[in-house]
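Just so you know, we're using our numbering here: the sequence shown kicks off at 2 and counts up by one.
Reading through the structure tokens given below for one structure.
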Amino acid sequence: MQWQDHSIARQIFAQAPLGEPVRLPQAGTSLENPYVFDSVAREIKFAGSEFGALEVIEERTLSGSDDALIVDFVFRRLV
């Protein structure tokens with residue numbers, strides 16, 4: 002997985018204030034679809050860990066397992 006040039010995940014990450022918790026929005030946004038939300042959360046999580054630029058504060062999945070859909074995601078941008 003890698004950053005897509007103009008992905009939603011990259012835009013959200015770039016706009017996140019340094020050091021402050023950011024909860025991915027859901028209702029009323031393009032992330033309202035649970036599969037899109039999951040994809041964006043996973044892209045942010047992967048790219049952030051790849052660059053060491055992210056701390057995951059909260060992550061909740063649909064069934065509690067690691068491969069289930071991510072339904073809530075809060076991160077902190079470190080760089």
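All residues carry an ideal CB built from backbone N, CA and C; glycine is no exception.
All values derive from a computational prediction rather than experimental measurement.
Cα separation between residue i and residue j?
i: Val75; j: Ser31; result: 17 Å
i: Pro18; j: Ser64; result: 30 Å
i: Val23; j: Thr62; result: 17 Å
i: Ala48; j: Ala28; result: 24 Å
i: Arg57; j: Val41; result: The sequence given here has Val at residue 57, not Arg. Each residue's alpha carbon lies about 14 Å from the other.
i: Ala54; j: Val80; result: 5 Å
i: Asp39; j: Leu25; result: 10 Å
i: Ser21; j: Ser8; result: According to the sequence provided, residue 21 is Glu. The question's Ser does not apply to it. Each residue's Cα considered, the two are about 21 Å apart.
i: Gln12; j: Glu60; result: 20 Å
Mind checking which residues open and close the beta strand (DSSP E) that includes residue i?
i: Asp73; result: 71 to 78
i: Thr62; result: 55 to 62
i: Pro22; result: 22 to 24
The alpha helix (DSSP H) spanning residue i covers which residue range?
i: Pro35; result: 35 to 52
i: Gln16; result: 9 to 16
Relative to the C-alpha of residue i, which candidate in the options has its C-alpha closest?
i: Ser50; options: Glu21, Phe14, Ile9; result: Phe14
i: Asn34; options: Arg77, Val72, Ala54; result: Val72
i: Phe52; options: Arg78, Ser8, Glu59; result: Arg78
Report, in whole angstroms, the separation of the C-beta atoms of residue i and residue j, which I expect to be a contact under 8 Å.
i: Ala10; j: Ile45; result: 5 Å
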